[in-house]
Amino acid sequence: MNFSNQAKELIRQQISEWDLAAKNYSSLKNVKVKTFDFGGYHINIQYNPGRIASSSAKVDAQSIEARPCFLCQRNLLSQQHWLSFDNKYLILVNPFPIFPEHLTIPIISHTDQRIFGNFGSMLELAAQLDDFVIFYNGPQCGASAPDHLHFQAGNKGFLPIEDDFANKKCCYEIRRIKSVTIFHWPDYHHGIITLKGNDKIDLIACFNQIYMQLQVHQPNEVEPMINILISFKNGEWIIHIFPRTLHRPAQYFEKGDQQIVLSPAAVDMGGVLITPRKEDFDKITQGDLIDIFKQVCLEHSIIMKLINDL
Ligand SMILES: [Zn+2]
Numbered sequence: 001m002n003f004s005n006q007a008k009e010l011i012r013q014q015i016s017e018w019d020l021a022a023k024n025y026s027s028l029k030n031v032k033v034k035t036f037d038f039g040g041y042h043i044n045i046q047y048n049p050g051r052i053a054s055s056s057a058k059v060d061a062q063s064i065e066a067r068p069c070f071l072c073q074r075n076l077l078s079q080q081h082w083l084s085f086d087n088k089y090l091i092l093v094n095p096f097p098i099f100p101e102h103l104t105i106p107i108i109s110h111t112d113q114r115i116f117g118n119f120g121s122m123l124e125l126a127a128q129l130d131d132f133v134i135f136y137n138g139p140q141c142g143a144s145a146p147d148h149l150h151f152q153a154g155n156k157g158f159l160p161i162e163d164d165f166a167n168k169k170c171c172y173e174i175r176r177i178k179s180v181t182i183f184h185w186p187d188y189h190h191g192i193i194t195l196k197g198n199d200k201i202d203l204i205a206c207f208n209q210i211y212m213q214l215q216v217h218q219p220n221e222v223e224p225m226i227n228i229l230i231s232f233k234n235g236e237w238i239i240h241i242f243p244r245t246l247h248r249p250a251q252y253f254e255k256g257d258q259q260i261v262l263s264p265a266a267v268d269m270g271g272v273l274i275t276p277r278k279e280d281f282d283k284i285t286q287g288d289l290i291d292i293f294k295q296v297c298l299e300h301s302i303i304m305k306l307i308n309d310l
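Quick note: the sequence shown, position 94, residue 94 per this note's numbering, numbers continuous.
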């Protein structure tokens, strides 16, 4: 059995024997979805009450220190089983799913959430779990465990960005560096840098250059704020990098009717925005989405300059 199928089998097993997973994967079948058409691409809004803990997670140093780390092996629930990846990562079933098949992939040791030096592992995971999209949320833009390095994975065919990249309506090739092709998305409302290539070394070198450039814009952060999605098909990796400027939009901190509890991370950047509260799902407008993307993502002109400077 290939590794993707082993992971799918693990999900099936856990749903059959672990109450929490059974309940939450079953509720996922009833989540409400609405779609906004942006002309050329669309964004789905998913009303998913199971995600409230993640969307409203406190990720300040004090709160993190006060809780036992839920990704450390010794703290896993007794019902949780795993696959080992490369004796370095655990493949776990995410008991609070967004995707019909949703994995959490922590490293074995308790070490900070950082992408620099770990991007190669992400590529290897994508190549092995080739029925999944692998994603990374930076410690200050979506990770609910910023103190424990982890990736997540969701089944392919779920995020709108997959088709949007395949049909190339909103993106075009802008540069080539060695074996890596770089794409730009001028018609999307949020800035994205996409890399495509079949050579791991070239991809890591290109990613590291982008990382360094982003670091210039955010010299005081522990790492440049980014979300990343990676998939692997026909021997090639497709890597979407979403440079961020803000963890949560102003609407998140409003009170009463003005508040929208939406805490954007990689999945939202890929075109499925999660609203854990029904009132936000009902009232959110296309205008809100445009405004939220504008607040939390790096603007197109800076991304264009960054790509040209590589
Ligand atoms: Zn830990």
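All residues carry an ideal CB built from backbone N, CA and C; glycine is no exception.
V267: first and last residue of the uninterrupted alpha helix (DSSP H) it sits in: What you label residue 267 is simply residue 267 of the sequence shown in a count that begins at 1. Residues 266 to 269.
Residues proximal to ligand 1 by C-beta, any heavy atom closer than 6 angstroms: C69, L71, C72, H110, H148
Proximal residues to D86 (C-beta, below 8 angstroms), its chain only, five neighbours per side dropped: Residue numbering aside, residue 86 sits at position 86 when the sequence shown is read from its first letter. Taken in chain order, the residues that qualify are S121, E124.
For S26, the three-state DSSP class (helix, strand or coil): Residue mapping note: residue 26 aligns to position 26 of the sequence shown, counting from 1. Helix.
Of the listed residues I15, L159, L76, nearest to V33 (C-alpha basis): Locating residue 33 in the sequence shown gives position 33, counting from the first residue. Closest option to V33, Cα to Cα, is L159.
Rounded distance between the beta-carbons of A126 and S231, thought under 8 angstroms: For the purposes of this step, residue 231 is taken as residue 231 along the sequence shown, with counting starting at 1. For the purposes of this step, residue 126 is taken as residue 126 along the sequence shown, with counting starting at 1. Confirmed, about 6 angstroms.
Pair within 7 angstroms by beta-carbon distance, Y136 and I228: The residue you call residue 136 lines up with position 136 of the sequence shown. The residue you call residue 228 lines up with position 228 of the sequence shown. In contact: Y136 and I228 (Cβ atoms closer than 7 angstroms).
For D130, three-class secondary structure by DSSP: The sequence position of residue 130 within the sequence shown is 130, counting from 1. Coil, per DSSP.
Where V222 sits in the DSSP three-state scheme: Numbered from 1 along the sequence shown, position 222 holds the residue referred to as residue 222. Taken through DSSP and simplified to helix, strand or coil, V222 comes out as coil.
Every unbroken alpha helix (DSSP H) within the stretch 53 to 140, with a cutoff of 4 residues, ordered by chain: 61 to 66, 119 to 128
Cβ pair H102, C69 closer than 7 angstroms: Here residue 102 refers to the residue found at position 102 of the sequence shown. Here residue 69 refers to the residue found at position 69 of the sequence shown. Taking 7 angstroms as the Cβ cut-off, H102 and C69 do not qualify as a contacting pair.
Best match in I11, E17, P97 for proximity to P49 [C-alpha to C-alpha]: Here residue 49 corresponds to residue number 49 of the sequence shown, with the count starting at 1. With distances taken between Cα atoms, P49 lies closest to P97.
K283, DSSP secondary structure in three states: Here residue 283 refers to the residue found at position 283 of the sequence shown. Looking at K283 - three-state DSSP - the assignment turns out to be helix.
A22 beta carbon less than 7 angstroms from that of I15: For the purposes of this step, residue 15 is taken as residue 15 along the sequence shown, with counting starting at 1. For the purposes of this step, residue 22 is taken as residue 22 along the sequence shown, with counting starting at 1. Result yes, Cβ atoms of I15 and A22 sit closer than 7 angstroms.
Nearest-angstrom Cα separation, counted from P249 out to I292: Counting from one through the sequence shown, the residue named residue 292 turns up at place 292. Counting from one through the sequence shown, the residue named residue 249 turns up at place 249. Taking the straight line from one Cα to the other gives about 6 angstroms.
Rounded separation between P100 and I11 - CA only: On the sequence shown, residue 100 is found 100 positions in, with the first residue counted as 1. On the sequence shown, residue 11 is found 11 positions in, with the first residue counted as 1. Distance between the alpha carbons of P100 and I11 is about 10 angstroms.
Residues bridged to R51 [DSSP beta-bridge criterion]: Against the sequence shown, residue 51 aligns to sequence position 51. The partner list for R51 (beta bridge, DSSP) is empty, contrary to what the question assumes.
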